[in-house]
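Working notes, beginning with the structure itself.
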């Protein structure tokens, strides 16, 4: 008599659960530090989670904590924290005892489900990476090494000090490490935010011709000159009186509308009494040299209207952009522009078109 035996293995038992190892690190700065001074702690992983996405979507490292042991043996726990998209958390505290502090970071692990507690209902914005995504994978726990923070009675200064302001006109670009300079002066910009009217030029902003961030020279001096039009007394046979002055501007059109960004002066060039827009010019404010001369925008009939500074911060980069804006030349004296454009000030490449 023959018999057959069958071994049935449940499908769930045949599936392999992916385990993802992690490595956790922690730093503190400044170290050493004076008692009563702020220290900044950063805990971070060796790599982002494979299912973390942009704009706080996807999985993040959850429930990260940091244990701080004071010199007297008391313990303070910071967190739990949710990491950013690249796997980092940060916080600050003020040591109140002299001696050695011990710091260590901990992570309990988690199961990937394409969600995080910062933004639980958002669909994940994930690019590249694993195919298919390892949903259901187990991320293994981790803990950092213990580091020591030395707290002393005497306060400490910054680890890095910005060099002092130069005595001469500084060159641009100003290095990013010279951030302390910004406490003593503005960006040297002139935004031209108020449109010219009759005999006025473009002003600093909508309130008038006052820049509250920069200091004017204590002694007035001319570094260079550059005419935008001809002018003055024409000479005989025209009578030599006040009325005969050759007018470079009129009450109907302002021929000079300055915008200053990053040490570069930008303005629109108008042609003679007709006020025909002929182009744009960029001048190095320090040397007076022409950086470029270009057509008046994409249409060839645009007026530089204002400048703006934009501070940008993403998960990958940060910084400021200085951007000039233009408007189409109105078709009538009292006409209002309907199209605005933003340009790259270095190349005049169009970045944005906005219609009102």
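In our numbering, the protein residues as written are 79 to 434. We treat Cβ as the ideally placed atom computed from N, Cα and C, and that holds for glycine. All figures in this text were calculated on a predicted structure; none of them were measured in a lab.
*Which ranges would you report for the beta strand (DSSP E) in the segment 148 to 224 if only whole runs of at least 3 residues count?*
153 to 159, 166 to 171 and 177 to 185
*Which runs of the beta strand (DSSP E) fall wholly inside the segment 308 to 381 and span at least 3 residues, in chain order?*
337 to 339, 342 to 349, 354 to 362 and 368 to 372
*Thinking just about the alpha-carbon of each residue, which of 378, 349, 362 and 133 is nearest to the one in residue 303?*
362
*Taking residue 424 as the reference, which of 407, 399 and 432 has the closest Cα?*
399
*Residues near residue 154 in its chain [Cβ-Cβ closer than 6 Å; skip 5 each side]*: 146
_8 Å Cβ shell around residue 149 - same chain, five flanking residues per side excluded_ = 175, 176, 177, 178, 179 and 229
*asked:* Which residues does DSSP list as the beta-bridge partners of residue 384?
replied: 403
_Given this structure, state the Cα-to-Cα distance separating residue 414 from residue 305, to the nearest angstrom._
29 Å
*Kindly indicate if chain C contains any beta-carbon less than 9 Å away from that of residue 260.*
Absence of chain C from the displayed structure is noted, only one protein chain being present.
*Hey, how far is the Cα of residue 428 from the Cα of residue 309?*
34 Å
*How is residue 268 classed by DSSP in three states: helix, strand or coil?*
strand
*Please work out which residues of its chain come closer than 7 Å, Cβ to Cβ, to residue 339, disregarding the five sequence neighbours upstream and downstream, and give them in chain order.*
267, 385, 400, 402 and 423
*Return the first residue and the last residue of the beta strand (DSSP E) that residue 102 is part of.*
In the DSSP assignment, residue 102 falls within the beta strand (DSSP E) that extends over 102 to 107.
*Quick one: any contact between the segment 188 to 207 and the segment 232 to 247, if contact means 3 or more CB pairs under 8 Å?*
no
*Please state whether DSSP places residue 144 in a helix, a strand or coil.*
strand
*Please state whether DSSP places residue 277 in a helix, a strand or coil.*
Unreliable placement is indicated for residue 277, whose pLDDT of 47 sits below 50; the coordinate value is still reported in the next sentence. Of the three classes helix, strand and coil, the one that applies to residue 277 here is coil, per DSSP.
_Spatial neighbours of residue 101 in its chain, beta-carbon cut-off 7 Å, leaving aside the 5 residues before and after_ = Sequence-distant partners of residue 101 (beyond 5 residues in either direction) whose C-beta falls short of 7 Å from its own C-beta, in its chain, are 123, 124 and 220.
*Would you mind giving the Cβ-Cβ distance between residue 190 and residue 215, rounded to the nearest angstrom? I have them listed as a contact below 8 Å.*
Correct: roughly 5 Å between the Cβ atoms.
*What do you reckon, are the CB atoms on residue 241 and residue 256 nearer than 9 Å?*
yes
*Who are the near neighbours of residue 130 in its chain, counting only those whose CB is closer than 7 Å to its CB and skipping five residues on each side?*
136, 137, 138 and 163
*Give me the Cα-Cα distance between residue 99 and residue 390, rounded to the nearest whole angstrom.*
34 Å
*Pick out whichever of 287, 183 and 119 has its Cα sitting closest to the Cα of residue 173.*
Considering only alpha carbons, the answer is 119.
*Compute the beta-carbon to beta-carbon distance between residue 143 and residue 184, rounded to the nearest angstrom, for a pair I have assumed lies under 8 Å.*
5 Å
*Let me know the secondary structure DSSP gives residue 293 once reduced to three states.*
coil
*State the Cα-Cα distance for the pair residue 181 and residue 223, rounded to the nearest angstrom.*
8 Å
*asked:* Check for me: the beta strand (DSSP E) holding residue 418 runs from which residue to which?
replied: Following the DSSP letters along the chain, one finds residue 418 inside the beta strand (DSSP E) bounded by residues 417 to 421.
*asked:* Rounding to the nearest angstrom, what Cα-Cα distance links residue 406 and residue 312 in this structure?
replied: 34 Å
*Just reading off the beta strand (DSSP E) that residue 120 is part of, what are its end residues?*
Residue 120 -> beta strand (DSSP E) spans 117 to 123.
*Do residue 360 and residue 369 come within 9 Å of each other at the CB atom, strictly closer than that value?*
yes
*From residue 367 to residue 253, what does the alpha carbon distance come to, in whole angstroms?*
22 Å
*What's the call for residue 165, buried or exposed, on a 16-neighbour Cβ count within 10 Å?*
The residue is buried, with at least 16 neighbouring Cβ atoms inside 10 Å.
_Beta-carbon contacts of residue 433 that lie in its chain and below 7 Å, excluding the five residues immediately before and after_ = 416 and 417
*In whole angstroms, what separates the C-alpha of residue 420 from that of residue 430?*
5 Å
*What separation, rounded to the nearest whole angstrom, lies between the Cα atoms of residue 203 and residue 104?*
Spanning the two alpha carbons is a distance of roughly 28 Å.
*How about residue 217 and residue 170: do their beta carbons lie closer than 9 Å?*
no
*asked:* Let me confirm a value: residue 251 is counted as buried when at least 16 other C-beta atoms fall within 10 Å, else exposed. Which label applies?
replied: Counting the other CB atoms within 10 Å of its CB gives residue 251 a total below 16, which places it among the exposed residues.
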